[in-house]
Amino acid sequence: MLRKMDAEGIIKAVQKFDYDAGIKDLPVLDLKSTYITRAESDIPKCGDRGNWLPRKSYLWDFWEAKYGDVSQGILYSKEHHD
């Protein structure tokens, strides 16, 4: 993905979330501590499918990043917005 971005002059890539796909929210952290449950609305969420699944393990994530399709659902931009 980085080679594609360099070759095409792309400066930004963000994951597109499809709100109409019916993806269920899952917590990023599977913890029940009070400080986590209080801050639940401020902590990023995961989903129940696709690129939004919570991370499983380093080896699984490495395999998916190397051999999976990490470009699915990515929006690329050549413009810089601040």
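Numbering (our numbering), first residue to last: 234 to 315.
We put the beta carbon where it would ideally sit given N, CA and C, even for glycine.
Computed from a predicted model, the values in this text were never measured in an experiment.
By Cβ distance below 6 Å, which residues in the same chain neighbour residue i in space, the five residues on each side in sequence not counted?
i    : result
D258 : K278
Y309 : I243 and A246
What does DSSP give as the partner residue(s) for residue i in the beta ladder?
i    : result
P260 : K278
Skipping 5 residues on each side, what residues in its chain have a beta carbon closer than 8 Å to that of residue i?
i    : result
I307 : M234, A246, V247, Q248 and K249
Q305 : G283 and N284
Can you confirm whether residue i, when its beta carbon is compared against all beta carbons of chain D, has any partner nearer than 9 Å?
i    : result
K289 : The structure shown contains no chain D, having only a single protein chain.
For residue i, tell me which candidate among the options has the shortest Cα-Cα distance.
i    : options             : result
K289 : I269, P260 and D275 : P260
L262 : D253, E312 and E273 : E273
G255 : D302, G280 and Y268 : G280
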